[in-house]
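Residue numbers (the working numbering), protein chains in the order written: chain Y, 193 to 395; chain R, 339 to 807.
Data first, discussion second: the structure below is written as structure tokens.
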Amino acid sequence: MEPFTTLNSHLVSIPTENIDTDQIIPARFLKTISKKGLGQNLFSDWRYNEDGSDNPNFILNAPESQGAKILIAGDNFGCGSSREHAPWALMDWGVQAVISTSFADIFRNNSLKNGLLPVIVDEDTHKQIQSLVEEDPTTKITVDLASQTVQLPDGRSVSFPIDGFSKTCMLEGIDQLGYLLKQEEKMLAYEAAHPARVNTLGE
Amino acid sequence: MSNQPRTTFDKIWDSHVVVEEPGSPTVLYIDLHLIHEVTSPQAFTGLREKGLRVKRPSQTVATMDHSIPTTPLHIPISDAIAAKQIATLEENCREFGIPLHGMDSPNRGIVHVIGPELGITQPGMTIVCGDSHTSTHGAFGALAFGIGTSEVEHVLATQTLLQSKPKTYAVNVNGRLSPNVAAKDIILALLARIGIGGGTGHVFEYRGEAIRALSMEERMTVCNMSIEGGARAGLVAPDDTTINYIAGRQLAPQGAAWDKAVAYWRTLASDEGATFDKEITLDASTLTPMITYGTNPGMGMGIADIIPDPMSIGDVSERNTLIKALNYMDLQPGRQLLGQPLDVVFIGSCTNSRISDLREAAALMRGRKVSENVRVMVVPGSQDVKKQAEAEGLDQIFKEAGADWREAGCSMCIAMNGDQLQPGQYAISTSNRNFEGRQGKGGRTFLASPLTAAASAVTGVVTDVRSFQ
Ligand code: SF4
């Protein structure tokens, strides 16, 4: 996982609420056994026409969206399935941070484990950023993880929440599995005190 | 702290804490890990890259359900990419010693159907799977939740997970259900009340007279769709219904171990006076059959109600969401859905594909024909369910009615395997998600109970099962 420190970029705005993971990456693209290459199918059903050509009305196809590293989307982003293909697809396309007023739990967990930063802001800030992008799609904002702030062009700085553990992992690019592996002794002690409740091998 | 009254959730959580350090999420022990072909390959790749092994293969079990065809088993899988994914799961299970219920297993099926069938889903356990409908297993009084592929790798490697503690949410369902109102209608009614984000960060505990009266299969239907309310998990405290269901199953505890397990399970109900962070109460006696009209499971209404008018909604983004949904569904506000012509009826999925669901659907189709205008697919949740249904002659009833009787799998719930809607088609489906394109690009889904689906299969239009003769 790449460390996430600070990000300065223009944004793509999809103001829809409750964008579910079936929209982010439709299920028919989940037959892959790799994490790579999913970006071309990001938002596939909204992004491409029936014949496979680009839908010119979808924001991801607009010239000004190219190279954007921040996505701003409506409330409850990433609801639905647990597919980690959703953050993989976003990141493969180039998104490194998503701003919303709330995220679905599993999507949020999955994102943090891949270095994709979920940024929760209040409704007013959300509206303000959205109208900034509407007025001028080249508007850049800064997302700074160390200070946990979004810095707007008018100089305003808005803080966002993240748990300390995920923050450290993101800042340093650490895989959380490393932490769990270090707890092995305690895990074995737990097992000694709590015999297995099930044996799927049926022995 | 131990003297304070605790909820079922608190009891399970507390007894699975391996490490609790300030500033870090809890390290939680996982009793049972279910895996399937779609969300596991990248996790095994991760293990290989790091030179790690699977910590506890005997607490892990695999099956294939999402991308497999539901055509007769002797027909080879024609989708090369799906075939590769399935072969990859077989290889991974072989290499890491994980028991697999593969294509040739009589126990293969949807992962959330086979866990309970095998007797490995038990009260008081922590159960995870790279699948959001893992909440289904909460029906047994287990803490069961969906995880992503990174977390699948974590559990494979360490049998533990990092989790921050969710909050609790009591869902009281008082009173009794009326005839022809199903467990599915309880959960659709809850979702219509709280919306699809209403449970975010919480674990539901379903309580009350109506929940106690449900069978295990019905409780699974309710818990299954906890995730549709955004909840981390949903559970029902174990009781005699739970214990009787597990008794004698293939991998359930036996003999002295059984007695010990039952004694433990009996301690798991929420204590008198335990408090929840949130609470809601529904009256089961006022519920009617439910149906969804929009593009998320919270957009549901009583089957005879009228589709809401976006112009009556004050909040701008909520209004826009509904306008977008009705556009996609090509439906007019202010009208009923009753009489809406259908193209497809799908009876299946981890929500409603168990034997009692099939019995209910078959009872309505017995001696009748499905409408000429609809394609009706009945897909059992597991090969076990299929065998049982065939022993009871349910397959004959479906076939004689003109429905398609398939092999077990997820099928048109997720449309990964070629079972899918065509653009613009309308389907009534017993599954759990009506998102845009969920059952095929451009397809339009109405979620409902097996009873409503079966009655509508016969008439070819959305039908109120209460007036179905
Ligand atoms: S039946 Fe549908 S919801 Fe259930 S596990 Fe399969 S794809 Fe997921």
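Every residue gets a Cβ at the ideal spot worked out from N, C-alpha and C, and that includes glycine.
- Please report how far the alpha carbon of Gln375/Y lies from the alpha carbon of Tyr666/R, in whole angstroms. 49 angstroms
- Query: Straight-line CA distance for Leu337/Y to Val311/Y?
  - Reply: 10 angstroms
- Quick one: residues in its chain with C-beta nearer than 8 angstroms to the C-beta of Gly486/R, no 5 flanking neighbours on either side, listed in chain order? Thr377 and Gly468
- Task: Using 8 angstroms as the cut-off, classify the Cβ of His439/R as near or not near the heavy atoms of the ligand SF4, replying yes or no.
- Result: no
- Taking a Cβ distance cut-off of 8 angstroms, strictly less, list which residues of the stretch 197–221 of chain Y are near chain R, in chain order. Pro207, Thr208, Glu209, Asn210, Asp212, Asp214, Gln215, Pro218, Ala219 and Arg220
- Task: Specify the secondary structure class of Pro255/Y as computed by DSSP and reduced to three states.
- Result: helix
- Message: Output needed in chain order: residues of the stretch 767–794 of chain R with a Cβ under 7 angstroms from some Cβ in chain Y.
- Response: Arg771, Phe773, Glu774, Gly775, Arg776 and Lys779
- Item | Reference Thr797/R; option with closest CA among Gly762/R, Glu547/R, Lys707/R and Ala595/R | Lys707/R
- Query: Hey, Leu366/R and Gln397/R: beta-carbon distance below 9 angstroms or not?
  - Reply: no
- With 16 other CB atoms within 10 Å as the buried threshold, where does Ser351/Y fall? exposed
- Message: With three or more beta-carbon pairs closer than 8 angstroms as the criterion, would you say the stretch 376–388 of chain Y touches the stretch 341–359 of chain R?
- Response: yes
- Message: For Arg239/Y and Asn253/Y, I'd like the C-alpha separation in whole angstroms.
- Response: 7 angstroms
- Give a yes or no on whether the minimum CB-CB distance between Arg744/R and chain Y is below 9 angstroms. no
- Go ahead and pull the three-state DSSP assignment for Gln588/R. coil
- Message: Which residue wins for smallest C-alpha separation from Ala739/R, given the options Leu702/R, Asn772/R, Arg771/R and Ala729/R?
- Response: Leu702/R
- Query: From which residue to which residue does the beta strand (DSSP E) around Glu543/R run?
  - Reply: His540 to Arg545
- Locate the alpha helix (DSSP H) running through Asp316/Y, then write down its first and last residues. Glu315 to Glu327
- Query: Taking C-beta to C-beta, are Ser205/Y and Gln322/Y nearer than 9 angstroms?
  - Reply: yes
- Query: Applying a beta-carbon distance threshold of less than 8 angstroms, which residues of chain R neighbour Thr334/Y?
  - Reply: Residues of chain R passing the Cβ test: none, with the nearest at roughly 26 angstroms.
- Message: Considering only DSSP beta bridges, list what Pro387/Y is partnered with.
- Response: Answer is none; Pro387/Y lacks a bridge partner.
- Query: Do you know how far the Cα of Leu529/R is from the Cα of Ala612/R?
  - Reply: 24 angstroms
- Message: DSSP three-state label for Ala495/R, please.
- Response: helix
- Query: Are any of the Cβ atoms in chain R nearer than 9 angstroms to that of Met379/Y?
  - Reply: yes
- Query: What does Leu589/R reach in chain Y if we use C-beta pairs closer than 8 angstroms?
  - Reply: Val390, Asn391, Thr392 and Gly394
- Query: Which residues, in chain order, does the stretch 330–355 of chain Y contribute to contact with chain R at a C-beta distance below 8 angstroms?
  - Reply: Asp355
- Message: Just to confirm, is the Cβ distance from Val800/R to Ile645/R under 9 angstroms?
- Response: no
- Using a C-beta to C-beta distance shorter than 7 angstroms, which residues of chain Y count as neighbours of Arg570/R? Asp297
- Item | Contact check, Val716/R vs Ala741/R, beta carbons under 9 angstroms | yes
- Listed by chain order, chain R residues near Gln251/Y by CB distance under 8 angstroms: Contrary to the premise, residue 251/Y reads as Ile rather than Gln in this sequence. Result: empty, since nearest Cβ-Cβ is about 14 angstroms, beyond 8 angstroms.
- Message: Does the beta-carbon of His471/R, which I'm using as the reference point, lie nearer than 8 angstroms to any heavy atom of the ligand SF4?
- Response: yes
- Query: Nearest to Thr768/R by alpha carbon, out of Leu526/R, Glu429/R, Ser488/R and Val511/R?
  - Reply: Leu526/R
- Near-chain Y residues of the stretch 454–486 of chain R - C-beta to any C-beta below 7 angstroms: Ile458, Gln460, Met463, Gly468, Asp469, Ser470, Gly484, Ile485 and Gly486
- Query: Which of the residues in the stretch 229–241 of chain Y, read from start to end, lie with their CB under 7 angstroms from any CB of chain R?
  - Reply: Asp237
- Message: Restricting to Cα atoms, I'd like to know which of Thr538/R, Ser488/R and Ser473/R is closest to His277/Y.
- Response: Ser488/R
- Boundaries (first-last residue) of the beta strand (DSSP E) holding Lys616/R: Lys616 to Asp621
- Query: In terms of residues, what are the limits of the beta strand (DSSP E) holding Met703/R?
  - Reply: It is not in any beta strand (DSSP E) - Met703/R instead sits in the alpha helix (DSSP H) that spans Ile693 to Met703.
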